[in-house]
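Working notes, structure below.
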């Protein structure tokens, strides 16, 4: 039996929107992933609490957003755990929950540059391949000193670029650069629109918009 190829996409998802889904689908296709786990942060250590919906609400919205996609699953791993949510702990726990699976930790280039501020980011590669999404028009330069410094912090000295590298050749500890699609949607802009009473149609999936309205979320300016 072929090993399961499992992507892990963490975030506050405050709220989850169509940009997140398109981003994840790009990774799923490029890396030949069998499944992508959307992992809402329970208590994100790098985000202010102001304007942050409860972990339960954010998990519920993520579940609604991915329902019906056979390759997407919402995970309550961080929501169910007390205390701050540290990605390295989450990836280690998921590695134990999915023995034998090949794990891929998915992130944007902005998140990659922030990794030195995370708890023991160099340990992520113990459990997973790190996949950095390159959105069209992004100013991220993998050869810039800042990016090279993060790569070195993670214990690497060479990027794995797709293509020419093939997904099956990637191993835990590799840092892969993956071209991804994106949409000009942000959670901050969605929250601003909701607080102003504007429509968020086509920015969040309809079930998510219905959940937000039913639970009166994001009524106050973020």
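Residue numbers (this note's numbering): 3 to 224.
Beta carbons are placed, not taken as given, at the ideal position from N, Cα and C, and that holds for glycine.
Cα-Cα separation, residue i to residue j
| i | j | result |
| --- | --- | --- |
| residue 9 | residue 55 | 25 Å |
| residue 99 | residue 178 | 24 Å |
| residue 74 | residue 64 | 10 Å |
| residue 66 | residue 189 | 16 Å |
| residue 220 | residue 80 | 22 Å |
| residue 58 | residue 108 | 22 Å |
| residue 200 | residue 212 | 14 Å |
| residue 163 | residue 116 | 20 Å |
| residue 150 | residue 159 | 8 Å |
| residue 167 | residue 186 | 28 Å |
| residue 16 | residue 52 | 11 Å |
| residue 208 | residue 192 | 13 Å |
| residue 148 | residue 210 | 37 Å |
Among the options, the one whose alpha carbon lies nearest that of residue i
| i | options | result |
| --- | --- | --- |
| residue 78 | 14, 205, 152 and 32 | 14 |
| residue 23 | 105, 135 and 184 | 184 |
| residue 6 | 187, 36, 106 and 16 | 36 |
| residue 217 | 194, 41, 47 and 62 | 62 |
| residue 223 | 197, 82, 96 and 60 | 197 |
| residue 26 | 106, 141, 59 and 58 | 106 |
| residue 41 | 11, 162, 18 and 32 | 11 |
| residue 86 | 97, 130 and 121 | 121 |
| residue 30 | 181, 97, 96 and 118 | 181 |
| residue 169 | 53, 210 and 131 | 131 |
| residue 101 | 18, 172, 70 and 4 | 4 |
| residue 285 | 203, 124 and 60 | Because the chain spans 3 through 224 in this model, residue 285 falls outside it and cannot be assessed. |
| residue 114 | 156, 96, 195 and 45 | 156 |
| residue 45 | 123, 32, 83 and 214 | 83 |
Simplified DSSP state of residue i, which is helix, strand or coil
| i | result |
| --- | --- |
| residue 127 | helix |
| residue 10 | strand |
| residue 212 | helix |
| residue 142 | coil |
| residue 187 | coil |
| residue 54 | coil |
| residue 62 | helix |
| residue 83 | coil |
| residue 164 | strand |
| residue 203 | strand |
| residue 219 | coil |
| residue 150 | helix |
| residue 98 | helix |
| residue 174 | coil |
Sheet register partners of residue i (DSSP bridge)
| i | result |
| --- | --- |
| residue 42 | 13 |
| residue 135 | 110 and 180 |
| residue 105 | 8 and 130 |
| residue 76 | 40 |
Cβ separation of residue i and residue j, assumed to be a contact under 8 Å, to the nearest whole Å
| i | j | result |
| --- | --- | --- |
| residue 111 | residue 140 | 6 Å |
| residue 39 | residue 93 | With a Cβ gap of about 10 Å, residue 39 and residue 93 do not count as contacting. |
| residue 128 | residue 174 | 7 Å |
Test: residue i CB closer than 9 Å to a CB of chain D
| i | result |
| --- | --- |
| residue 173 | In the structure shown, chain D cannot be found, because there is only a single protein chain. |
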